[in-house]
Structure formats: C-alpha cells, structure tokens
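**Q** Have a look at this one before I ask anything.
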Amino acid sequence: MAARLALSRTLRWFCSALLLAGALLGSLHADWDFSLISQRATALYGPLGEGQQRIDAWQHLLATQKQVPEREQLKVVNLFFNKNVRYVEDIDLWGQVDYWETPIQALWKGAGDCEDYAIAKYFSLRHLGVSSDKLRITYVKALRQNRAHMVLTYYSSADAMPLVLDSLEDTIRPASERTDLLPVYSFNAEGLWLPGAKGNKRVGDTKRLSRWQDVLKKMQAEGFPVETTN
Numbered sequence: 166m167a168a169r170l171a172l173s174r175t176l177r178w179f180c181s182a183l184l185l186a187g188a189l190l191g192s193l194h195a196d197w198d199f200s201l202i203s204q205r206a207t208a209l210y211g212p213l214g215e216g217q218q219r220i221d222a223w224q225h226l227l228a229t230q231k232q233v234p235e236r237e238q239l240k241v242v243n244l245f246f247n248k249n250v251r252y253v254e255d256i257d258l259w260g261q262v263d264y265w266e267t268p269i270q271a272l273w274k275g276a277g278d279c280e281d282y283a284i285a286k287y288f289s290l291r292h293l294g295v296s297s298d299k300l301r302i303t304y305v306k307a308l309r310q311n312r313a314h315m316v317l318t319y320y321s322s323a324d325a326m327p328l329v330l331d332s333l334e335d336t337i338r339p340a341s342e343r344t345d346l347l348p349v350y351s352f353n354a355e356g357l358w359l360p361g362a363k364g365n366k367r368v369g370d371t372k373r374l375s376r377w378q379d380v381l382k383k384m385q386a387e388g389f390p391v392e393t394t395n
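Converting from the sequence shown to this note's numbering requires adding 165 to each position, the first position being numbered 1.
Shown next, in the form of structure tokens:
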C-alpha cells in the first residue's frame with residue numbers, strides 16, 4: 166500500500182508539474198500589475214496581513230533585479246523564498262495531500278512545501294528574463310531525509326552541470342556536489358528529461374496536458390497575465 170501511494174503521488178507531481186511549466190511559456194514577461202494582484206488576492210483569500218509585506222517585497226525584488234547578471238538573480242530569488250516561506254506539509258496547511266500553491270498563495274501564507282518553492286522561483290526567474298531552456302523543475306529523492314523532493318535547476322548551457330536552487334539550503338551548488346539528491350526526472354516549458362549515464366535525455370513534451378488547469382486559473386484569478394498554450 167505504501168509503495169502504491171508513493172507511486173501515485175509521484176505521478177500526480179509528474180503530470181501537474183509538466184502542465185505548469187509548459188503553460189507558462191510566452192506570458193511571463195508581461196507586466197504584472199501588483200496593485201490589481203493584491204486586490205484580487207484579498208478578494209479571493211481575505212485580508213493578506215503580513216503576507217502583503219512579503220508580496221510587496223517580491224514586487225520590489227522583481228523590479229530591481231532585471232538588469233543584474235543571471236547568477237546574481239539566482240542567488241537573490243533563491244534566498245528570498247527560502248527566507249520568506251517556511252516549510253509546511255500540504256495536509257497541515259491546506260488539508261489536502263497534494264496542493265500546488267501560486268507564488269501569491271505561498272507569500273500570503275508564508276508557508277508551503279518543496280514544489281511551492283520551486284514553482285515560485287521558476288516564475289520569478291522567468292519573469293526576470295531567464296530563458297526556459299536554462300531552467301528545469303527537478304524531481305529528486307532527498308537521500309538524507311529519505312523522501313521525495315523538488316528543486317529548481319539552472320543550466321548555463323545545454324550541456325552544463327546544473328546549479329541547484331533548493332529549499333533545504335541557501336547556498337546554490339552544482340549538482341555534482343549535491344550527492345544527497347538523486348534525480349528522478351526534470352522538466353521545463355519544452356519537455357521532460359530523464360537522467361542517464363550519458364546525461365539527461367529528453368523523452369517527451371508538455372503538449373495536451375490539461376489536468377492541472379486549476380493552477381493557471383488560480384493565477385489568472387489573482388490578476389496574472391497567464392496564457393495557456395495549445
């Protein structure tokens with residue numbers, strides 16, 4: 166039973182993450198009206214409280230980091246979400262076994278689990294101008310914790326050793342130094358990759374995945390100019 170539940174959770178992560186990464190293509194560089202976003206979030210979730218300060222800080226980060234080198238953007242974004250979002254299991258935070266937050270929800274709550282950090286970092290770096298082919302949300306097994314985990318990985322070039330942006334630590338290190346993480350698969354807006362002896366191998370694309378449209382609908386309801394792709 167435990168093995169079946171673990172496999173089921175893995176498949177849910179797989180399908181939902183693929184859709185999210187693919188559907189963001191082409192809209193993340195549009196201007197984000199944070200006044201509208203805050204108004205919509207308040208209408209949806211109620212008073213934002215301290216969450217408004219975190220959202221304002223995120224807006225400031227995005228406004229001030231567009232012209233800095235990508236490596237600096239990685240550091241700033243990684244540290245921001247690691248410091249402003251505390252780790253809480255979905256069942257405790259949302260009463261659901263697996264719940265995907267928007268960045269606004271993560272900052273409103275000031276809490277989330279591993280995929281919520283990766284999603285928020287992905288959104289932020291794409292909005293700052295980092296191309297999707299440099300970013301992959303990566304599903305791994307965290308060996309020390311003996312559990313499934315999500316990180317964001319950054320490739321300076323197609324064959325480069327990726328850098329790991331992780332909620333478990335603030336320091337961004339090459340994947341070769343993260344022997345505590347066992348990669349299972351990774352994905353971005355263009356497709357899905359599986360690890361192999363000769364490097365990652367692309368095994369599919371993200372077209373026609375529609376089961377997790379609710380993630381994008383939540384963002385659209387919050388005022389983000391998110392558009393789905395065909």
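From the three backbone atoms N, C-alpha and C, an ideal C-beta is built for every residue, glycine too.
Would you say F245 and L226 are within 8 Å of each other, going by their C-beta atoms?
**A** yes
**Q** Answer yes or no: do V316 and A283 have a C-beta to C-beta separation smaller than 8 Å?
**A** yes
**Q** Can you name, in chain order, every residue of its own chain whose Cβ lies under 6 Å from the Cβ of W358, other than the five neighbours on each side?
**A** If we look at W358 and ignore the five residues flanking it on each side, its Cβ neighbours are S351, N365 and R367.
**Q** Tell me, to the nearest whole angstrom, how far the beta carbon of N247 is from that of L300; I am working on the premise that it is less than 8 Å.
**A** In fact, because the Cβ distance is near 17 Å, the residues do not count as touching under 8 Å.
**Q** Should K231 be labelled buried (16 or more other beta-carbon atoms within 10 Å of its own) or exposed?
**A** exposed
**Q** Label P234 either buried or exposed according to how many other C-beta atoms from any shown protein chain fall within 10 Å of its C-beta, with 16 as the threshold for buried.
**A** exposed
**Q** Specify whether the stretch 335-347 and the stretch 266-281 touch according to this definition: at least 3 beta carbon pairs, one from each stretch, less than 8 Å apart.
**A** no
**Q** Determine the extent of the alpha helix (DSSP H) in which S322 is found, giving its start and end residues.
**A** Neither: S322 is in no alpha helix (DSSP H) and is coded neither H nor E.
**Q** So, for Q217: in the same chain, excluding its five sequence neighbours on each side, which residues have a beta-carbon less than 7 Å away from its beta-carbon?
**A** S203.
**Q** Using the three-state DSSP reduction, which class does K306 fall into: helix, strand or coil?
**A** Residue state, collapsed to three classes: strand.
**Q** Determine the direct distance from the alpha carbon of G275 to that of K383, and round the result to whole angstroms.
**A** Take the alpha-carbon of K383 and the one of G275: they are about 18 Å apart.
**Q** For the alpha helix (DSSP H) that Y287 lies in, which residues bound it at each end?
**A** C279 to H292
**Q** For the beta strand (DSSP E) holding W358, just list the boundary residues, first then last.
**A** L357 to L359 is the extent of the beta strand (DSSP E) around W358.
**Q** Can you give the Cα-Cα distance for D298 and V349, rounded to whole angstroms?
**A** 19 Å
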